[in-house]
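Everything on this sheet refers to the single structure shown next.
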Amino acid sequence: MYIEKRHIRKITKVFDSLSIPLRLVDASGQCIAPENGSAFAMPDTVLSPSINHKVGRHLCRGLDMHPPVYLVTEAGSAGAEDLLTVADAMLMTMLKSSYSISSLSDVYRRVLRQELSSMEIGSHVSEHQIPVDMKRCVMLFRFENPTKSAYSLLGELMPLADSDVLVDMNHSSAALIKDMQGVDGLDDLNQYALALRETVLEETGHGVSVGIGEEKNTLMQLGESYAEAKHALEVGFLFHPDEPIYIYSRLLLERFLMGIPQEDCQHFHSLLFNRRTNKLFNEEMLQTIDMFFRKDLNLSDTARQLFIHRNTLVYRLDKVQRLTGLDLRHFDDAVTFKILNELSKCGKDKPAAIE
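My numbering puts the last residue of the sequence shown at 383; the count rises by one with no breaks.
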């Protein structure tokens, strides 16, 4: 962004009084303040704003605005991290009061939460040069009790494309507005999320769950994708607590079941799971049935996966048929069992909404 000369002189005066060398550079690395400062070789990767990044022998921190400007100092200097944080706050306060700007992250956060009118969005689009028509989707990352904010954890590790935006939602959650150009559908997003989750786990020891909303064509629709990503996490935690990635469009059955009234869930679940069938549906039997469904009702594949004889599997399925009337080898009966079994999760108290 353009910064008036009077502000550059004021910033330079403050920088000159510091014991630690500090520079303000633009996106190309050219020094803005001090005016006679040397250029800085910016990395090829996009640096998330408001986070300190190690770049060679330097620490670099981007201000939360567009076009971006960066603070740069020596990485080995004592107190360098704190200096960047304080300088960031000082400059943002100065520039906001002088130019009436809003931070870019705040604009995106309010778009995701659907807090802005179309007129307000229009003014921010012009101010920050935000693309309006563009294929994007929202990926919501949620940590359990992180040692520092989700935004900081991800911002230090997440590789971003020029058109991707990472947004701080709260201490435990951060949203990635992902440019879908060059992304080959949901499988690509799933692999991206899994790879990032593995990196976060290895580097920080923190587990993270990911909800993925549907692709949208305009900036105004991003709030819908964010709401879908949140709902995917809520539904996923309930039905598939052991899985890390939840894709909204692939949770059709679960979303439908979650909308059924709790008393109806309990009633229909008890038609199959009751005192009479309690001994039948022990842990071993339920694991057998679950694997049979995972293997698309294939007897041989299921038996191999469970390390049991095929005849043992047939015996168990025959036992279910004798006591319940459902032959799980037939698609319709398998669907009936699957739905009634899943209703046990809906019959419990609904999980707390994701913030």
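Using N, Cα and C, we set each Cβ at its ideal position, and we do this for glycine too.
Through-space distance from residue j to residue i, alpha-carbon basis
| i | j | result |
| --- | --- | --- |
| THR305 | TYR343 | 16 Å |
| ARG51 | GLU109 | 14 Å |
| ASP207 | GLY104 | 36 Å |
| ASP190 | VAL228 | 21 Å |
| ALA69 | PRO62 | 16 Å |
| ASN218 | LEU308 | 37 Å |
| LEU181 | ILE79 | 9 Å |
| MET93 | GLN209 | 23 Å |
| ALA221 | ARG350 | 44 Å |
| GLU282 | SER151 | 39 Å |
| PRO187 | LYS323 | 36 Å |
| PRO159 | LEU247 | 7 Å |
| ILE36 | MET167 | 38 Å |
| GLU230 | LEU185 | 11 Å |
| THR113 | PRO77 | 11 Å |
| SER131 | ARG137 | 10 Å |
| LEU224 | PRO49 | 34 Å |
| LYS163 | PHE267 | 29 Å |
| LEU111 | LEU285 | 52 Å |
| SER200 | ASN173 | 7 Å |
| ILE445 | LYS373 | Any answer about residue 445 is impossible in this case: the structure gives the chain only from 29 up to 383. |
| SER154 | GLN249 | 18 Å |
| PHE365 | ARG332 | 23 Å |
| LEU75 | ASP116 | 15 Å |
| HIS157 | ASP44 | The sequence shown places Gln at residue 157, not His. Looking at the two C-alpha atoms, the distance is approximately 33 Å. |
Residue i, buried or exposed, once every other Cβ within 10 Å from all chains shown has been counted against 16
| i | result |
| --- | --- |
| GLN251 | In the sequence on display, residue 251 carries Gly and not Gln. So GLY251 counts as buried. |
| LEU46 | exposed |
| ASP216 | exposed |
| LEU204 | buried |
| GLU311 | exposed |
| MET147 | exposed |
| PHE359 | exposed |
| ALA178 | buried |
| LYS124 | exposed |
| LEU194 | buried |
| LYS41 | exposed |
| PHE335 | exposed |
| ALA67 | exposed |
| ARG170 | buried |
| SER237 | buried |
Start-to-end residues for the alpha helix (DSSP H) that takes in residue i
| i | result |
| --- | --- |
| VAL363 | 359-374 |
| ALA331 | 327-334 |
| GLU32 | Segment: none, GLU32 is in no alpha helix (DSSP H) and carries neither H nor E. |
| ASP292 | 290-300 |
Best match in the options for proximity to residue i [C-alpha to C-alpha]
| i | options | result |
| --- | --- | --- |
| VAL211 | MET197, CYS165, GLY239 and ASN198 | CYS165 |
| GLU243 | VAL236, HIS86, GLY213 and HIS337 | GLY213 |
| ILE275 | GLY239, GLY235 and THR73 | GLY239 |
| LYS347 | MET313, SER56 and GLY235 | MET313 |
| THR175 | ILE31, GLU155 and GLY235 | GLY235 |
| LEU300 | ASN369, LEU356 and ASN326 | ASN369 |
| THR73 | ARG137, ASP192, GLN290 and THR340 | ASP192 |
| THR121 | ARG357, TYR136, ASP44 and ILE39 | ILE39 |
| LEU345 | ILE367, LEU371, VAL263 and GLN315 | GLN315 |
| SER277 | VAL114, GLU256, CYS293 and ASP44 | GLU256 |
| ALA362 | PHE296, ILE317, THR330 and SER372 | ILE317 |
| ALA55 | PRO96, GLU143, ILE367 and VAL42 | PRO96 |
| VAL139 | ALA117, ASP196 and VAL83 | ASP196 |
| LYS33 | PHE43, ILE60, ASP44 and GLN157 | ILE60 |
| ASP134 | GLU102, LEU91 and LEU341 | LEU91 |
| ARG293 | GLY84, LEU371 and GLY57 | It should be noted that the sequence gives Cys, not Arg, for residue 293. Checking every option, the nearest Cα to that of CYS293 belongs to LEU371. |
| LEU280 | ASN245, VAL263 and PHE321 | VAL263 |
Range covered by the beta strand (DSSP E) that runs through residue i
| i | result |
| --- | --- |
| LEU194 | 193-196 |
| LEU308 | Run containing LEU308: none; DSSP gives neither H nor E here. |
| LEU99 | 97-102 |
| LEU354 | Note, LEU354: premise wrong, no beta strand (DSSP E); not H, not E. |
| SER47 | Looking at the DSSP string, SER47 is not in any beta strand (DSSP E), and its letter there is neither H nor E. |
| GLU206 | The displayed chain sequence assigns Lys, not Glu, to residue 206. Segment 201-207, the beta strand (DSSP E) holding LYS206. |
What residue ranges within the region 224-280 form continuous beta strand (DSSP E) runs of no fewer than 3 residues, ordered along the chain?
236-240, 244-246 and 273-275
Runs of 4 residues minimum, wholly inside the region 132-188: which ones carry the alpha helix (DSSP H) assignment? 132-140, 146-156 and 178-183
Margin query: Please give me, in chain order, every unbroken run of the alpha helix (DSSP H) with length at least 4 that falls completely inside the region 49-95.
Written below: none
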